[in-house]
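This report refers to the structure that appears directly beneath it.
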Amino acid sequence: MTSTRANAQIAESLATLTHLLARGDDPARDGEKRLDRFLKNKPSFFVGGFNPDGAVKWVEEVEIIFDAMECANENKLALGTYYFPADVKNKKVVDFMKLEQGNMSVAEYAAKFESLCAFSPHYNTPEAENDKCVKFESGLRPDIKHIIGFAEIRNFTTLVAKARICDGDGKAKSNYFKEVRGRSQDRAKPYEVK
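Put into structure tokens, the structure is as follows:
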């Protein structure tokens, strides 16, 4: 009796497996199916070369497709790696390595840092949080780096938040002194006769 029940369970399991395979639910082929779905959306091709604006536009178009596919981040990376030309990727890595804040606000610098960081896999692991913080900090303007550097913050989110605060405080201080200078220039000097 138990062997009949066991045989029935085995037969039912085999029927279920056969049905799943017939539907095409083979986990080993998930990547292939995902790529087919991606290509059916007819993404535009980016031919490479030096065209940063074209690359950004292409990435935005591909992001729309990813959103429509409800694609997970790890799958986006796999599809993007397959579809993204190597010379463009290499250019983005070089841009990331040379990135400095310059005249950007900390918010703009952080956004650019994050977008270019995606092309440098080393910085995208939990183990590399320290390296990512060091890279971000080294690109900050000296006035902000001077204040932030002493804290040795090694959590990226915290580092960006503290740098934004320093940036905001620096702008407020600058505006205050511009205002004070403007008021003091309006006053006549005590020895001047008007």
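Quick note: the sequence shown uses my numbering, first residue 321, plus one each step. The beta-carbon is built from N, C-alpha and C at its ideal position, and this holds for glycine as well. From a predicted model like this one, the values you see are computed outputs, not experimental measurements.
Along the alpha helix (DSSP H) that carries Ala-406, what are the first and last residues, could you check?
-> From DSSP, the alpha helix (DSSP H) with Ala-406 extends over 406 to 418.
Separation of Asp-356 from Glu-472, as counted between CA atoms = Going from the Cα of Glu-472 to the Cα of Asp-356 covers about 46 Å.
Three or more beta-carbon pairs under 8 Å between the stretch 452 to 462 and the stretch 423 to 442, yes or no?
-> Enough Cβ pairs lie closer than 8 Å, so yes.
Excluding the 5 residues preceding and the 5 following His-442 in the sequence, name in chain order all residues of the same chain whose CB lies nearer than 6 Å to its CB.
-> For His-442, same chain residues with a beta-carbon under 6 Å away, outside a window of 5 residues either side, are Ala-448 in chain order.
Within 8 Å, strictly: CB atoms of Ile-464 and Ala-492 | No, the Cβ-Cβ distance between Ile-464 and Ala-492 is not below 8 Å.
Length-filtered (4 minimum) alpha helix (DSSP H) runs lying within the stretch 427 to 513 = The qualifying runs are 449 to 458, 462 to 469, 476 to 506.
When the Cα of Gly-469 is compared with those of Ser-458, Glu-381, Asn-423, which residue comes out closest?
-> Checked all of Ser-458, Glu-381, Asn-423; the closest Cα to Gly-469 is Ser-458.
Cα-Cα separation between Val-414 and Gln-329, rounded to whole angstroms | One C-alpha to the other measures close to 58 Å.
Cut-off 7 Å between Cβ atoms - residues of its own chain near Asp-346, not counting five sequence neighbours on either side = Residue confidence for Asp-346 is low, a pLDDT of 48 falling below 50, so the modelled location carries little weight and cannot support an answer.
Do you know how far the Cα of Ser-425 is from the Cα of Ala-515?
-> Outside the shown range of the chain (321 to 514) lies residue 515, about which nothing can therefore be said.
DSSP three-state assignment for Asn-395, whether helix, strand or coil | If DSSP states are grouped into helix, strand and coil, Asn-395 belongs with the helices.
Would you kindly work out how many angstroms separate the C-alpha atoms of Val-408 and Arg-461, rounded to a whole number?
-> Looking at the two C-alpha atoms, the distance is approximately 27 Å.
Through-space distance from Glu-383 to Val-376, alpha-carbon basis | Spanning the two alpha carbons is a distance of roughly 10 Å.
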